[in-house]
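A short worksheet on the structure shown next.
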Amino acid sequence: MSEETPVLQVEGLVFGYTGRPVLADWSACIGRGATLLQGDESSGKTTLLRLLAGLLPAQAGRLVLCGASLADTPQAYRRQVFWEDPRSDAIDPLTVRDWLQDEARRHPRLVV
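The sequence shown begins at 4 in this note's numbering and counts up by one.
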(Lines of atoms letter the chains of each structure in order from A; the text may use other names.)
(Lines give C-alpha, C1' and ligand atoms only; values in the text may rest on other atoms or scores of the structure.)
Protein backbone atom coordinates (compact mmCIF):
# COMPACT_ATOMS: atom_id res chain seq x y z
CA MET A 4 0.00 0.00 0.00
CA SER A 5 1.50 3.31 -1.03
CA GLU A 6 1.44 6.39 1.18
CA GLU A 7 -1.16 7.94 -1.14
CA THR A 8 -3.56 4.98 -1.01
CA PRO A 9 -6.35 5.61 1.49
CA VAL A 10 -6.40 3.17 4.39
CA LEU A 11 -10.10 3.78 4.96
CA GLN A 12 -12.59 4.75 2.28
CA VAL A 13 -16.04 5.90 3.38
CA GLU A 14 -18.70 6.38 0.71
CA GLY A 15 -22.16 7.83 1.31
CA LEU A 16 -22.43 6.94 5.00
CA VAL A 17 -25.89 7.55 6.45
CA PHE A 18 -26.87 7.11 10.08
CA GLY A 19 -29.31 8.61 12.50
CA TYR A 20 -31.24 7.88 15.64
CA THR A 21 -35.03 8.19 15.67
CA GLY A 22 -35.75 11.80 14.88
CA ARG A 23 -32.06 12.78 14.97
CA PRO A 24 -29.89 12.46 11.86
CA VAL A 25 -26.18 12.15 12.59
CA LEU A 26 -24.61 11.59 9.15
CA ALA A 27 -26.17 12.18 5.75
CA ASP A 28 -24.26 10.91 2.69
CA TRP A 29 -20.87 11.45 4.37
CA SER A 30 -17.75 10.38 2.46
CA ALA A 31 -14.05 10.52 3.28
CA CYS A 32 -10.70 9.01 2.34
CA ILE A 33 -8.44 8.59 5.34
CA GLY A 34 -4.76 7.90 4.83
CA ARG A 35 -2.02 6.47 7.02
CA GLY A 36 -1.15 8.14 10.29
CA ALA A 37 -3.12 9.71 13.08
CA THR A 38 -6.39 11.47 12.31
CA LEU A 39 -8.03 13.92 14.68
CA LEU A 40 -11.78 13.78 15.16
CA GLN A 41 -13.18 16.68 17.11
CA GLY A 42 -16.54 18.30 17.65
CA ASP A 43 -18.93 19.68 20.22
CA GLU A 44 -20.40 17.53 22.97
CA SER A 45 -23.03 15.11 21.62
CA SER A 46 -22.21 15.99 18.01
CA GLY A 47 -21.77 12.34 16.91
CA LYS A 48 -18.03 11.67 17.35
CA THR A 49 -18.44 8.38 19.23
CA THR A 50 -21.23 7.32 16.91
CA LEU A 51 -18.98 7.92 13.90
CA LEU A 52 -16.12 5.97 15.51
CA ARG A 53 -18.47 3.06 16.27
CA LEU A 54 -19.72 3.11 12.67
CA LEU A 55 -16.16 3.11 11.30
CA ALA A 56 -15.21 0.24 13.62
CA GLY A 57 -18.15 -1.80 12.35
CA LEU A 58 -19.75 -1.90 15.79
CA LEU A 59 -22.84 0.02 14.73
CA PRO A 60 -24.68 -0.71 11.46
CA ALA A 61 -24.92 2.18 9.01
CA GLN A 62 -28.27 2.79 7.37
CA ALA A 63 -26.52 3.28 4.03
CA GLY A 64 -23.04 3.65 2.65
CA ARG A 65 -19.89 1.67 2.12
CA LEU A 66 -16.79 1.22 4.30
CA VAL A 67 -13.57 -0.26 2.90
CA LEU A 68 -10.54 -0.72 5.17
CA CYS A 69 -7.27 -1.77 3.51
CA GLY A 70 -9.26 -3.37 0.69
CA ALA A 71 -11.74 -5.22 2.94
CA SER A 72 -15.36 -4.13 2.60
CA LEU A 73 -17.41 -4.18 5.81
CA ALA A 74 -20.49 -5.28 3.85
CA ASP A 75 -18.77 -8.00 1.79
CA THR A 76 -16.11 -9.32 4.18
CA PRO A 77 -17.05 -8.16 7.70
CA GLN A 78 -14.62 -10.47 9.50
CA ALA A 79 -11.66 -9.33 7.39
CA TYR A 80 -12.69 -5.70 7.96
CA ARG A 81 -13.09 -6.07 11.73
CA ARG A 82 -9.78 -7.96 12.13
CA GLN A 83 -8.03 -4.75 11.06
CA VAL A 84 -9.91 -2.48 13.47
CA PHE A 85 -8.64 -1.34 16.82
CA TRP A 86 -11.42 -0.12 19.11
CA GLU A 87 -11.04 1.65 22.42
CA ASP A 88 -14.27 3.20 23.66
CA PRO A 89 -13.54 6.92 24.07
CA ARG A 90 -15.95 7.03 27.01
CA SER A 91 -13.80 4.55 28.94
CA ASP A 92 -11.36 5.89 31.51
CA ALA A 93 -9.05 2.86 31.14
CA ILE A 94 -6.41 4.75 29.18
CA ASP A 95 -6.69 8.11 30.94
CA PRO A 96 -3.46 7.70 32.98
CA LEU A 97 -1.39 7.02 29.82
CA THR A 98 0.39 9.57 27.68
CA VAL A 99 -0.19 9.30 23.93
CA ARG A 100 3.40 8.11 23.47
CA ASP A 101 3.00 5.37 26.13
CA TRP A 102 -0.30 4.25 24.65
CA LEU A 103 1.12 4.07 21.11
CA GLN A 104 4.19 2.14 22.29
CA ASP A 105 1.99 -0.33 24.17
CA GLU A 106 -0.23 -0.81 21.10
CA ALA A 107 2.84 -1.34 18.89
CA ARG A 108 4.00 -4.11 21.26
CA ARG A 109 0.56 -5.76 21.21
CA HIS A 110 0.06 -5.35 17.45
CA PRO A 111 3.35 -5.97 15.62
CA ARG A 112 2.00 -4.70 12.26
CA LEU A 113 1.09 -1.32 13.73
CA VAL A 114 3.33 1.45 12.46
CA VAL A 115 3.78 4.32 14.92
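Yeah, the Cβ is synthetic: ideal placement off N, Cα and C, and Gly gets one too.
Stretch pair the stretch 7–26 + the stretch 55–72: three plus CB contacts closer than 8 Å: yes
Verify whether the separation of the beta carbon atoms of V13 and A37 is less than 7 Å. As a working note, residue 13 is residue 10 in the sequence shown. As a working note, residue 37 is residue 34 in the sequence shown. No. Outside cutoff.
How about P9 and G34: are their beta carbons less than 7 Å apart? Here residue 9 refers to the residue found at position 6 when the sequence shown is read from its first residue. Here residue 34 refers to the residue found at position 31 when the sequence shown is read from its first residue. Cβ atoms of P9 and G34: closer than 7 Å.
Alpha carbon to alpha carbon, what distance is there between T76 and D105? The residue labelled residue 105 in the question sits at position 102 within the sequence shown. The residue labelled residue 76 in the question sits at position 73 within the sequence shown. So the alpha carbons of these two residues sit roughly 28 Å apart.
I'd like the list of long-range same chain contacts for A93, defined as Cβ closer than 8 Å, with 5 residues on each side in sequence excluded. Counting from 1 along the sequence shown, the entry for residue 93 is found at position 90. Around A93: E87.
Just checking my contact of L73 with Q83 at CB under 8 Å: how many whole Å lie between their CB atoms? Your numbering for residue 73 matches position 70 in the sequence shown. Your numbering for residue 83 matches position 80 in the sequence shown. Contact doesn't hold; Cβ gap of about 10 Å is too wide.
Using the Cα positions of H110 and D101, report the straight-line distance between them to the nearest angstrom. Within the sequence shown, the letter at position 107 stands for residue 110. Within the sequence shown, the letter at position 98 stands for residue 101. Cα-Cα distance, rounded: 14 Å.
Answer yes or no: do V25 and T50 have a C-beta to C-beta separation smaller than 7 Å? For the purposes of this step, residue 25 is taken as the residue at position 22 of the sequence shown. For the purposes of this step, residue 50 is taken as the residue at position 47 of the sequence shown. Yes, the pair counts as a contact, with Cβ atoms nearer than the cut-off.
Helix or strand or just coil, what does DSSP make of E14? If you number the sequence shown from 1, residue 14 lands on position 11. Three-state result, E14: strand.
If I follow the unbroken alpha helix (DSSP H) through L54, where does it start and stop? Indexing the sequence shown from 1 puts residue 54 at position 51. Run containing L54: K48 to L55, per the alpha helix (DSSP H) assignment.
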